[in-house]
Amino acid sequence: AYHFGAWENFATVPQISAVSRPKKSKHIKAIDEFSEVISSFLSQKLAALLECHNYSSQLFLAWERVHRFGLYEDHPSLNFNGAFFTIAVKNGSSEIIHVDRNDKKMLWMWIIAVSDWEGGEFRIPKVGVKIPLQTGQVLAVMSGVLAHFSALVTWGRHIIMTCSPERNLV
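For the record, in the sequence shown the residue sitting at position 15 is 15 according to UniProt numbering, with numbers rising by one throughout.
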């Protein structure tokens, strides 16, 4: 997976992920364009949804903290409005049952279906949930709470984006 945005996973202070800081100008332009679409469209809608449910106080404090470190000054398109801080783009599925330890337990992670495939349902075996996703759909999960996995993809490319609050920032 490629991780874009801010995180604090392997450091003592928030930082922009290495993938978000390429050296070649064509890569910088592509990442800026990709991030700008996410920031100006998707993250604003998700942040508004969180605000409607009075859910965003922890995320707002983390967003303020990231701003204090000036991370978005050189990378304004990576400011995802506090709805999340990191995007992982992945081709493939996680077929092993797991709990995401890097996600704070009571915060939402957003899963976005980008490509067409069959199979690959998001599953939570403990409660018997199987959720099929189609291109363009967004699924909100507390991935740090219940063990989950994606079923085997039987056709197509399983390209997804997971947008995460990243527990160390919050």
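Even glycine gets a Cβ: it sits at the ideal position worked out from N, Cα and C.
Original post:
Do three or more CB pairs link the region 127–147 to the region 85–93 at distances below 8 Å?
Top reply: no
**OP:** Look up Gln15 in the DSSP assignment and give the residues it is bridged to.
**Re:** Counting from one through the sequence shown, the residue named residue 15 turns up at place 15. Trp7, per the DSSP bridge assignment.
Original post:
In this structure, does DSSP put Phe122 in helix, strand or coil?
Top reply: By 1-based counting over the sequence shown, the position of residue 122 is 122. Strand, per DSSP.
Original post:
Given that a residue counts as buried once 16 or more other Cβ atoms are within 10 Å of its Cβ, and exposed if not, what is Phe80?
Top reply: Translated into the one-based positions of the sequence shown, residue 80 becomes position 80. Residue environment: Phe80 is assigned as buried (16 or more neighbouring CB atoms within 10 Å of its CB, all protein chains considered).
**OP:** Compare the C-alpha of Glu64 against each of Ser40, Pro14, His98, Ala30 and name the closest.
**Re:** In the sequence shown, residue 64 corresponds to position 64, counting from 1. The option with the nearest alpha carbon to Glu64 is Pro14.
Original post:
Whose C-alpha, out of Ile16, Ile87, Ile96, Val99, is nearest the C-alpha of Glu73?
Top reply: Start at 1 with the first residue of the sequence shown, and residue 73 comes out as number 73. Residue Ile16 is the option with its Cα nearest to Glu73.
Original post:
Helix or strand or just coil, what does DSSP make of Leu107?
Top reply: Here residue 107 refers to the residue found at position 107 of the sequence shown. Three-state result, Leu107: coil.
Original post:
Over what stretch of residues does the alpha helix (DSSP H) that includes Ala1 continue unbroken?
Top reply: For the purposes of this step, residue 1 is taken as the residue at position 1 of the sequence shown. Looking at the DSSP string, Ala1 is not in any alpha helix (DSSP H), and its letter there is neither H nor E.
**OP:** Go ahead and pull the three-state DSSP assignment for Lys24.
**Re:** As a first step, residue 24 is located in the sequence shown; it is residue number 24 there, counting from the start. Lys24: coil per DSSP, three-state reduction.
Original post:
Nearest to Met142 by CA position, among Gly156, Trp108, Asn102, is which residue?
Top reply: As a working note, residue 142 is residue 142 in the sequence shown. Closest option to Met142, Cα to Cα, is Trp108.
Original post:
Does DSSP classify Ile38 as helix, strand or coil?
Top reply: Taking the sequence shown and counting its residues from 1, one reaches residue 38 at position 38. In the structure shown, Ile38 sits in a helix (DSSP, three-state: H, G or I).
Subject >> Beta-carbon contacts of Ala147 that lie in its chain and below 8 Å, excluding the five residues immediately before and after >> reply: On the sequence shown, position 147 is the one that residue 147 refers to. Here the set comprises Ile97, His98, Val99, Ile124, Pro125, Lys126.
Original post:
When the Cβ atoms of the region 40–55 are set against those of the region 2–9, are three or more pairs found closer than 8 Å?
Top reply: With the rule of 3 Cβ pairs closer than 8 Å, the region 40–55 does not count as touching the region 2–9.
**OP:** Inspect the beta-carbon positions of Ala151 and Gly120 and report whether they are closer than 8 Å.
**Re:** The residue given as residue 151 occupies position 151 in the sequence shown. The residue given as residue 120 occupies position 120 in the sequence shown. Yes.
**OP:** Following the continuous alpha helix (DSSP H) through Leu61, name the residue where it begins and the one where it ends.
**Re:** Here residue 61 corresponds to residue number 61 of the sequence shown, with the count starting at 1. Leu61 -> alpha helix (DSSP H) spans 57–68.
**OP:** Quick one: give me the first and last residue of the beta strand (DSSP E) that Lys139 is part of.
**Re:** Here residue 139 corresponds to residue number 139 of the sequence shown, with the count starting at 1. Rather than Lys, the amino acid found at residue 139 in this sequence is Leu. Where Leu139 is concerned, the enclosing beta strand (DSSP E) starts and stops at 138–141.
Original post:
Excluding five sequence neighbours on each side, which residues of the same chain lie with their C-beta closer than 7 Å to the C-beta of Val129?
Top reply: As a working note, residue 129 is residue 129 in the sequence shown. So the list reads Arg123, once near-sequence residues are dropped.
Original post:
Is the CB-CB distance between Trp110 and Val153 below 8 Å?
Top reply: Along the sequence shown, one-based indexing puts residue 110 at 110. Along the sequence shown, one-based indexing puts residue 153 at 153. The answer is no: Cβ separation not under 8 Å.
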